[in-house]
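Q: Residue numbers (our numbering), protein chains in the order written: chain A, 51 to 194; chain B, 432 to 584; chain C, 37 to 126; chain D, 2 to 488; chain E, 84 to 243; chain F, -10 to 764; chain G, 7 to 119.
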Amino acid sequence: MIWWLAVGVAATMSAGIYLLLCRDMLRCIIGISLVGAATNLVVFASGWTRGHAVTTPPFVPDDATVLSGAANPVPHALVLTAIVIGFALVCLSLVLVLEIVQQQGSTDSDQLRDAEPPMDEHGKPAILDDVSPWDDVARAERAD
Amino acid sequence: MTPPTPPTPLTPRPLVLTTSARALYPIMLLISVWVLLRGHNQPGGGFIGGTIAVAATSLWAVAFGAKDALGRIPLGPVRLGAGGALLALSSGVLGPLVGRPFLTHLWVDLDLAVTTIPLSTVLPFDLGVYATVWASLGAICAHAIGLDEEAEA
Amino acid sequence: MTQAMLWIVDIGALLALGIACARLISGPTQGDRVVALDVVFSATVVLTASMAMASGWALFLDLGIGLAAVGFVATVVWARLIDKSPGGAS
Amino acid sequence: MLVLTPILVPLVTALVCAWLPISRQRAVAVLGSLVHVVTATLLLSEVATHQALRLELGGWPAPFGIELVVDRLGATLTLLAAVMGAATFVYGLSDADPGPRAKTRIPLVYGLLAGVGGAFSTGDLFNLYVWFELGLVCAVGLLALACTRRSLEATFKYFVLNVLGTLLFLIGIAYIYATTGHLGFGALRQAALHEDGSRWAALVAVLVLASLVKAGAFPVFSWLPAAYHTLSAPVVGLFAALMTKVGVYTVLRLMGDVFPTAPGLMNTALAAVAIPTMIIGVLGAAHHWDIRRILAFHSASQIGYMLLGIALGTVSGYAGTLVYVVHHAVVKANLFLVAGMIHRTTGSFDLRRCGGLFVARPWLAVIFGLSAMSLVGLPPSSGFWAKFGIVRETIVLGRFAWTGVVLGVGVLTLYSMMKIFFEAFWKKAPDGARMPSGPTGLGPAYLVTGTLALVSLGVGLWPEPLLDWARSAFVDHNLATATEGLP
Amino acid sequence: MSILSAGLSTGLSAGLNTSLNTSLNTSLNIGGAVVAIAGIVLMVIAAFGLFRLPDALARQHAATKSVTLALGLVLIGLALHQTGLDPSLAGAWWSRVAVTILLLLLALPVASHMLARAATRQAFSSQQLRASPRVEPDAQRAAAGGGDPDAPPTDRDASR
Amino acid sequence: MASSIPTGEPTGDAPPTSRLIVLALLPAALFLLAWRALDGGFEAHWTWIPTFGLDFGILIDGLALQFIALITGVGTAVFVYGAGYLAGDPKRARIFGLLLAFMVAMLGCVTSTNLLGLFIFWELTSVISFLLVGTKHEYEATRKSAQQALMVTGAGGLSLLAGVVLLGQVAGTYAIPEIVATSEAWIDHPWVPAALLCLFGGAFTKSAQFPFHFWLPNAMAAPTPVSAYLHSATMVKLGIYLLARLHPAFGDLPLWQGTLIGVGGFTSVWSMVLAVKERDLKRILAWSTVSALGTLVMVIGLPGPGAATAAATFLLAHALYKAPLFFVAGNVDIAAGTRDIDKLAAMGRRMPYTALAALLAGASMSGLPLSYGFVAKDIIKLAKSQADVVTLVAWSGVFVGAASVAAAGVAAIRVFWHSGGRPLPPEIREVRWSMRIPPLVIGATGIVFGLAPWLAEPLLALSAAAMHTVDDGSAFDVEPGTPGWTAVAVTIVLGIGMFVVWDPLHRALHRVRFPKRLTPGHAYESFVRSIPHAAAAVARLVQHGRIRLYAQLSLGFLALGLLWVVARLEVPQWPSYQPPSIPIIGATVALVAASITVCVVRDRFLLLLAGGLVGLACAVVFVFGGAPDVAFTQLTVEVALVVVIASVLLRMRRIGVGGDILATDSIAKGSNNSTAAGDRPRLDPLSWPRMLIAVVTGVSVATLLLVSVMGPFDPAVPRFFAEHSVPDAHGHNVVNVILVDFRAFDTFGEVCVLLFAVLAMLPLFAALRGRRRAP
Amino acid sequence: MMKIHAAVVLIYRFVFALVTSGLTTAWVILRPASELQPGFIRMSFGAIDRRGAVLLSGLTSLTPGTTVVDIDFERHELLVHLLDVREAEATVRHILEHFEAPLTLLCPLRGRP
Ligand code: NA
Ligand code: NA
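1. By a C-beta neighbour count over all protein chains shown, 10 Å radius and 16 as the cutoff for buried, is Q39/C buried or exposed?
2. Looking only at DSSP bridge pairs, what is G45/G linked to?
3. Identify every run of the alpha helix (DSSP H) within the stretch 119 to 167 of chain A, keeping only runs that are complete inside it and at least 4 residues long; order them along the chain.
4. In chain E, which residues lie with their C-beta within 8 Å of the C-beta of F110/G?
5. Take T131/A as the anchor and find which of L239/D, L455/D, L171/D has the nearest alpha-carbon.
6. Starting from T97/G, trace the beta strand (DSSP E) in both directions and tell me its first and last residue.
7. In the DSSP assignment, what residue or residues form a beta bridge with A164/F?
8. Using the rule of at least 16 other Cβ atoms within 10 Å of the residue's Cβ for burial, across every protein chain shown, is L744/F buried or exposed?
9. Here's a check: name, in chain order, each residue in its chain whose Cβ is nearer than 6 Å to the Cβ of H289/D, leaving out the five neighbours to either side.
10. Compute the distance between the beta-carbons of L95/C and L624/F, then report whether it is under 9 Å.
11. D241/F to L291/F, Cα distance in whole Å?
12. By a C-beta neighbour count over all protein chains shown, 10 Å radius and 16 as the cutoff for buried, is E739/F buried or exposed?
13. Pull the bridge partners of V71/D from the DSSP assignment, please.
14. For A718/F and V21/G, I'd like the C-alpha separation in whole angstroms.
15. Taking only three categories from DSSP, how would you classify G185/D?
16. Within its chain, find whatever has a CB closer than 6 Å to the CB of G285/D; leave out the 5 residues flanking it on each side and keep chain order.
17. Figure out for me which residue from G106/F, A347/F, P509/F has the closest Cα to the Cα of E461/D.
18. Between L16/D and chain A, is there a C-beta pair that is closer than 9 Å?
19. Name the one or two DSSP bridge partners that G46/F has.
20. Select from the stretch 150 to 163 of chain D all residues with a C-beta closer than 8 Å to any C-beta belonging to chain A, and list them in chain order.
21. In this structure, how does DSSP classify S360/F when only helix, strand and coil are distinguished?
22. Closer than 8 Å, Cβ to any Cβ of chain E: which residues of the stretch 471 to 493 of chain B, in chain order?
23. Please list, in chain order, the residues of the stretch 264 to 285 of chain D that have any C-beta partner in chain F closer than 7 Å.
24. Are the stretch 96 to 105 of chain A and the stretch 585 to 603 of chain F in contact at 8 Å, needing three or more beta carbon pairs?
25. Within a Cβ cutoff of 6 Å, which residues of the same chain sit near A72/C, ignoring the five residues on either side of it in sequence?
26. Taking only beta-carbon positions, decide if V726/F is within less than 9 Å of chain B.
27. Can you check which of these residues, G486/F, A151/F, P214/F, S118/F, is closest to D78/F by C-alpha distance?
28. Which residue comes first and which comes last in the beta strand (DSSP E) that contains S317/D?
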């Protein structure tokens, strides 16, 4: 079973990394979520000692007090939280990209050159317009 | 009886959706609480219960708008989330109060005449998890649904 | 017999899942996709039921319940979003 | 309960602030910072008498539950985080670029502090990952707070590369767990004793690789110069003080403490990362004219020093790194804070648009000068002793090439700091520079930056307490894999 | 909810435990398997319909009605089979299957309606929809209830 | 260079001597106090940094005493002079403060018993020098000079640090007396040559020895009191001090002798050549200072008992004549507004006191008999003869001597008594008393010592003893009084000749086309100029602003790292094959299919759906891996993700970013020429490097998974959970018990992560909402 | 009592409709596609309140070959999609016969004539 899972992990991981290297920011995010999925699978499989997958769910039967012969519950707990966090992160990045797209009009990450603008013709870094939007707000607040 | 307007292609707010959302919202919240409560012994718990509640919030958001859905989250999403985390935290603080380490869960059997109810600090902890998951992910989903609300704005 | 039946059920569910995924991917309209999504959720419920029988743990059926509930929400929400969106097919 | 304070104090502050309206957050934050500093100090004094404070959470014994362990290393960095958190908070009371007034700002700052504190005080690998995530999310929130195109761009770059690092870290945790069945540092330390061979090294290397992303080591550092300069002054001060340090701390914790039997090839590999980091960072800084961008690249460069200290693999090397971390947190944060004051005074972060501050703001010049000297490593400053510890150890171990790089990078650092000093302070203000004539409301900023500069100077004059403390943080681990150097 | 399901499960399992014999078990096994397989076949057919049917609106019929029925059949079949296999689990199974099917029944019309709306919105213009004929099996009711189907259209969507 | 800068200094009857003159009492008091150490010396120790084996110690022996005398003596003069020179200068307080700090640093440097303590003060003097050189920091040239001074001495300082640590490592101590005392034991250590070279680096930069000589004349941008104090009398002699201090330990090493004699000798000659090339009086004096420093270095390197004495004597002599000459140059500058010797002539009539001081000091500099310079040069000659050095070195002294005579002539004769043919501007007049007295007093002292050399003998004897290799009292055995009169005569005659032909010589030297690129100064310039170029190249390489290339670099590195890690695996054990259940096969197929799909697909919705498919497949894995809780979470989260993704994509389409992912569907304002879909550039064509990185990473991660599950897994933790879940934690769902009890802290942390993620997103949502409201 | 009876009838018809519509749709899928002629019709309903209208639409959707696309409550009209419009008349009659009466009983429209 772990061999099949390994194939899945390799495929998902590769695709995720490939997407991460793309110019399209949406692809980047899907790449992150794929890498996250592959990570979850790796964590999940880390409980399969010597590659042997126990598929009995780790629930103690009502009449028993000790769990036996069940899957290792630890990776389950780890993955469970990782999934929720991964979701929050993907949402965060989606909204982030949406706002970027709203401002720059495309999902092309090569156009993200506002914080790191190209050099000028003399090979010197461009002067960033360093009046921050809240600068004037702060000034106005001081004024009154 | 003459209708006031000519026939429309599609009404903007589907009656089926709003009616079923009104019916399903409490049911789904009940289910989520049930899943939360049984979580210690059956599949479920705060995380899963919370995500089911998130589904309810999403349903409400899509039927009545994001603002309305966020308004239906008790205390508002940020306060419920913070409150949930603080609740989980405070459940852990009871341990040190009786000389046990932080996050030690205490179990007390409440002896009623008819039956004994086991009370524990696990419940507030899981309840806190549930609240925060609901508030956080619910806020995310509702806000996301709200992204597309200009037709109604 | 149980094994054979579960085998058939699994194969069938996976087949349905595959077909639905194909429709999910091929579209062509958002409507098609959300329709396919509904099928995907149902097929997954079948898979959980099969796992419940194979493992002897009825609790996998709870998964099916939850899945039916949230799958419904996903379908409705997505459909509603499409319903509200201005343009035609993607 | 004291062991919990590095996490719970800032976290509760953050949660309560999230609950409150913005007008009442500040009061809670003051209280939170105060308690944070006090408890961190108490923690440090506790740790000074006992070896390490432990708490088995939930009462579950060590290898089974999560254990919080604050040893001298953790306590030092905890105090550092508390102090820098308080310092940047006080600085934020001035009107040197306080950043957008958003309801979420203070909660996110304290969330970040909680994440950092958690990383410093946990004794469990997966729990460490959790605090990584908390720090990451809060950092992203702070980066995106302004919602300008520039800040969002920085956020995206930061996010992509750091999430990658975090996920790789989780993969590394899974490997370690699959191999040993443990997540607690104590149990892993035991397991490491029985593990040697390439497989073990390989699995540990994955964790170290992931930590390098957090630390901002070349070539996985791109997020750092892309993001730092978009932040408001107090926040970037906090970032400079803590963000990369968490990565360095993790590398130190892993290679120096939990998995000390990792073979020496790892150390060489780490040096192979550290040395290019130093060089690339300092050269990248020399290119820039925006003060914050210069400083951001220097951060990368300085991370190289810290990693080199770890790569030395001796108690003195580790101690050198710890001293360096403390020094750099104080000094680099201070320089960023001074940059904010320069911006407030001249209206620009770009050196080509600043000038005349030596005459107009002599005390600012003194503060900057002391901090810059410290960053360069000129005595008597904390930077000198930090650098000296590492230089000395490279020589003790006969790694003369490393010594050469360390010293050569020092010259280039000097070049950059002089550049700032010339352009912002010595040069006449260029035409069109908007120097405010009236009061600028920088009182708290002067208080903070002046104090931090004096701290650096004080450590420079009497470094023994810090040096001795840093040494003791590692000596008692009995981890030295190389012989102690003389004298 | 939990009380209901608990009561249902105890009642069912008690009843089944006492009354079932081996031959009944076998027939339940076989019957359940047949029902389940019939269900799964129906599901595959329905999935197949996603390609056979011409447009999203038509596909929606397959996706909702046939699939829901198929799912119900599979669940009931499996529950029957399980009852035959291990009557002690029957209570747990039937209660859960009942809840699932109840949920499906509630969800089906709503989902179907929403899917149809989405598909309609994507595939048909307002004009096309307005032009759809009114079908009146009873002429009197038509006079009482309807306006003029050919009245000039005003887009109420746009006015909001 | 520096002379072209308007000085802005007070002229004529400007404000009176600054009240800061009282600060001169401090060095004066110290000067007097220091003599008490003449009998017996002074030693003190404080524990400082035991971690590095460092004590903070003060030792005042002969050598230290000589330097203290120098520092405080010249210091007194400088403070008096500076009070006059800087009268009315708004920066005077700062300069005086820095001078005081500098004096302290110097005193610390020469009294520290500890090499590291010495180093700290050494660096402090560099920093203070930087600040003083940059006094007129408004001018770019000044800033460049300051930069040069600090870069060179700072780099030298780092070299010194390396040398100190190496030496400390070899000797086992940083304490100078111990190093000297134990040198026999470790002198053959292989690290010693390296340590020496590093120490030389420090000493030669500080004392402006070739090839680091170029910074000193440029440092003349500083005000005259500073130049006189730092760049002639004291700071530049720190290198000499260090060499003298360590001479007892290393004096017998050929490396030591050879380097010092070679570098010092060459510097002394070459800098006099460069002096002739100058027209600025202060720079001429600066070059002659460099020459004198070279002589000192050479003398220290000389073997034989006379060297120490010679060094001590010349050290004193140089201070006695060079400081007054700098004062003189300052006075001339103040009076005439220029230091250009072409514009200066016949100043003697208007500035008689200054001219007198110039004459007194010039005599000493020329080594005229009856001056102390004569005594010093004589002893040097003796030392050379004792040392049996090569003739070339010996005769270099003649040239240097002659050039010194000529330079002294320029400074003391030409400027004051040579009539340039032009009338003297009427505003030129003698400077105020506070600027006259210091050069006169020091110049006169030089003559007094020349007449009565024994007056200086007690101090010099002690000093020489301290820097002598063998502590046998033989250091001061050189009896002056057997001067080689021939050599003296030759030197003076030659010097007068050079003085006479100074201008033709100057022109001739300028005609010589020396390949400028080979000069060290130019090398420094190119180095400094190359920094921005190299930096720009680096920035282009690592800060191109493109996140995908950042990711490519990072992931390429990670892939390489993983590959390295995998490649280093010994032949591992692999897990045995276990036939999977059908759903697992299905899930794997789905994972692979989805993975391929996401890489090739053009449509955004499809991309996201295929991504969602991965989540679904994961859920199937979790279901059939026996984790209903995990599967449940995965599925519900997947549903929420569908909601969010659909919302975001619909919003994107509203913005105008269409479905096709490979096209740049920019709606950027201004570029309204809508290109046809076919013309759109493809954003992400399939690329092999990316695929390679991706596949290597993916396969490595999977391989390491297969390897890592081979254990040796300690089942203690899951066993503990299995046994304690029900009895102690009262829960049958072990996963939930882990989440809420065994590892509840993780859960708590993760919950907080969720909350803070929302807090992070709220401003973004608000911005998106605000944009929608905006027209 | 009338209401309970009505509800029971409704539930029975509901389940029956589900089974038949599922099977019918399956049959529609399996038979040649060319025979279909899908289309929209509008259909008015009687004095039923909003909840009733929703129930009616649900039941209508469960009828084989029909799906309600929209409820226009103000006009008391359903917009219905039919897999085959040629059977429109029969379908509408079937719906009204089976579902309208019990719903009028269960969810009568109040405040209206
Ligand atoms: Na930093
Ligand atoms: Na967890």
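Just so it is clear, CB atoms sit at the ideal spot from N, CA and C, and this is done for glycine as well.
A: Working from what's here:
1. Numbered from 1 along the third sequence, position 3 holds the residue referred to as residue 39/C. Classification for Q39/C: exposed.
2. Reading the seventh sequence from its first residue, position 39 is the one you call residue 45/G. Answer by DSSP bridge pairing, in chain order: L88/G.
3. Within the stretch 119 to 167 of chain A, the complete alpha helix (DSSP H) runs of at least 4 residues are 123 to 154.
4. Within the seventh sequence, numbered from 1, the residue matching residue 110/G stands at position 104. The amino acid at residue 110/G is misidentified as Phe; the sequence shows Thr. The premise fails here: T110/G is roughly 12 Å from chain E at the closest Cβ pair, so nothing lies under 8 Å.
5. Counting from 1 along the first sequence, the entry for residue 131/A is found at position 81. Of L239/D, L455/D, L171/D, the residue nearest in Cα terms is L171/D.
6. On the seventh sequence, residue 97/G is found 91 positions in, with the first residue counted as 1. Note, T97/G: premise wrong, no beta strand (DSSP E); alpha helix (DSSP H) at 94 to 101.
7. To locate residue 164/F, count along the sixth sequence from 1; it is residue 175. A164/F is bridged to N103/F.
8. Position 755 of the sixth sequence holds residue 744/F. Buried, since its Cβ has 16 or more Cβ neighbours within 10 Å.
9. Taking the fourth sequence and counting its residues from 1, the one referred to as residue 289/D is at position 288. Cβ-Cβ distances below 6 Å link H289/D to I295 in the same chain, with the five nearest sequence neighbours on each side left out; the list follows chain order.
10. By one-based count along the third sequence, residue 95/C stands at place 59. By one-based count along the sixth sequence, residue 624/F stands at place 635. The beta carbons of L95/C and L624/F sit no closer together than 9 Å.
11. Here residue 241/F is taken as the residue at index 252 of the sixth sequence, counted from 1. Here residue 291/F is taken as the residue at index 302 of the sixth sequence, counted from 1. Near 9 Å, if we compare the C-alpha coordinates of L291/F and D241/F.
12. Within the sixth sequence, numbered from 1, the residue matching residue 739/F stands at position 750. Label assigned to E739/F: buried.
13. The residue given as residue 71/D occupies position 70 in the fourth sequence. DSSP lists L54/D as partners of V71/D.
14. In the sixth sequence, residue 718/F corresponds to position 729, counting from 1. In the seventh sequence, residue 21/G corresponds to position 15, counting from 1. Computed Cα separation, rounded: 45 Å.
15. Indexing the fourth sequence from 1 puts residue 185/D at position 184. Note: G185/D maps to strand in three-state DSSP.
16. By one-based count along the fourth sequence, residue 285/D stands at place 284. Sequence-distant partners of G285/D (beyond 5 residues in either direction) whose C-beta falls short of 6 Å from its own C-beta, in its chain, are F298.
17. The residue you call residue 461/D lines up with position 460 of the fourth sequence. A small fix is needed here, since residue 461/D is Gly in this sequence, not Glu. Residue G106/F is the option with its Cα nearest to G461/D.
18. Walking along the fourth sequence from the start, residue 16/D turns up at place 15. Judged by the 9 Å Cβ criterion, L16/D is not in contact with chain A.
19. For the purposes of this step, residue 46/F is identified with residue 57 of the sixth sequence, where counting begins at 1. Partner(s): H34/F.
20. R150, R151, S152, L153, E154, A155, T156, F157, K158, F160, V161
21. Along the sixth sequence, one-based indexing puts residue 360/F at 371. Note: S360/F maps to coil in three-state DSSP.
22. Those would be none; no residue qualifies.
23. I281, L284, G285
24. no
25. Start at 1 with the first residue of the third sequence, and residue 72/C comes out as number 36. A56, R59, L60, listed in sequence order.
26. Against the sixth sequence, residue 726/F aligns to sequence position 737. Output row for V726/F: interface = yes.
27. For the purposes of this step, residue 78/F is taken as residue 89 along the sixth sequence, with counting starting at 1. Cα-wise, what sits closest to D78/F is P214/F.
28. Taking the fourth sequence and counting its residues from 1, one reaches residue 317/D at position 316. It is not in any beta strand (DSSP E) - S317/D instead sits in the alpha helix (DSSP H) that spans 316 to 347.
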